[in-house]
Amino acid sequence: MNYTYFSNSYPSWGRLIRKDVLEQSKFFWDDNFTIRCSVIVAKKLRSKNQESIVVPPSDIRRDFGDLLRTEDGADVTFQVAGELIAGHRCVLAARSSVFKAQILGETNDGSQKADASRHGATEETESDRDEEEDQESEADGVHGEDYDDDDDDDDDDNGGDEMWSPLLVAADRYDLQRLKLICAKKLCERIDASTVADNLGLAEKQHCRLLKEACLEFLKAPVES
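Mind the numbering: the sequence shown is residues 42 to 266 in my numbering, read in order.
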């Protein structure tokens with residue numbers, strides 16, 4: 042069987058043809074002719090300049106950080122070492138189950154206590170921590186500005202431990218799991234003979250398995266001569 046393919050290169054493309062002309066044409070074969078239709082289904086239609094549109098990464102962390110710095114819409118205040126730090130109840134509750142229970146006043150059945158402070162009044166919470174800098178760092182973490190786990194810091198090893206150890210305690214206390222992991226990672230990177238005992242005790246007390254394992258691995262490692 043022979044096939045004749047119509048193409049838009051033919052002069053008659055898109056035109057009508059009389060029956061007698063068709064019957065005499067080369068497209069007829071044994072009083073028959075075949076029409077072949079090729080259908081292309083396009084799932085998505087794209088414009089030529091679509092690939093040039095670059096979507097920037099999410100800046101939600103920066104937006105929440107701006108809320109903390111500008112204090113816009115703040116409805117709760119923490120008193121840390123005599124300094125007042127403004128915060129936002131909804132953000133604190135979303136980031137920490139501990140803050141959610143303390144600030145929103147959830148009861149055992151999940152209902153919320155109604156009090157004057159939840160209706161626009163400012164609540165002051167007295168912190169029992171001694172390190173003001175650690176509380177401010179914790180507030181940054183709660184409001185979305187968690188430290189990146191690959192951030193470089195300018196602290197030396199001892200100075201870094203003085204920052205990350207109490208910050209890990211605060212992160213564990215307020216159930217900030219990502220911040221806790223970042224602190225543990227920083228402490229793991231600084232384990233040496235002078236810090237392993239303190240870090241192991243910290244890991245036991247704060248239930249930090251990764252830091253504990255890193256300390257035990259350090260203690261089991263052979264001493265280099």
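Even glycine gets a Cβ: it sits at the ideal position worked out from N, Cα and C.
| Check | Outcome |
| --- | --- |
| Element boundaries [beta strand (DSSP E), containing N117] | Position check: residue 117 holds Val in this sequence, whereas Asn was assumed. Where V117 is concerned, the enclosing beta strand (DSSP E) stretches over V117 to V121. |
| Cross-strand partners of L125 (DSSP beta bridge) | Q120 |
| V210 to L222 span [Cα, whole Å] | 11 Å |
| Boundaries of the alpha helix (DSSP H) in which E254 is found, first to last residue | R250 to K261 |
| Span of the alpha helix (DSSP H) around G106 | I101 to T111 |
| Between the CA atoms of L208 and E245 - distance to the nearest angstrom | 16 Å |
| C-beta atoms of L220 and L243 nearer than 9 Å | no |
| Residues near V237 in its chain [Cβ-Cβ closer than 6 Å; skip 5 each side] | C256 and F259 |
| Range of the contiguous alpha helix (DSSP H) that encloses G242 | V237 to K246 |
| Rounded C-alpha distance that separates W205 from S93 | 43 Å |
| Cutoff 8 Å; reference A134; Cβ partners in own chain excluding five residues on either side | F140, K141, I144 and L145 |
| Pick from G123, S137 and A127 that is closest to D113, judged by C-alpha positions | A127 |
| D116 versus A122, E124, K85 and V132, residue with shortest Cα-Cα distance | V132 |
| 7 Å CB neighbourhood of F74 in its chain, flanking five on each side removed | F68 |
| Assumed close pair L252, A225 - CB separation to whole angstroms, cut-off 8 Å | 4 Å |
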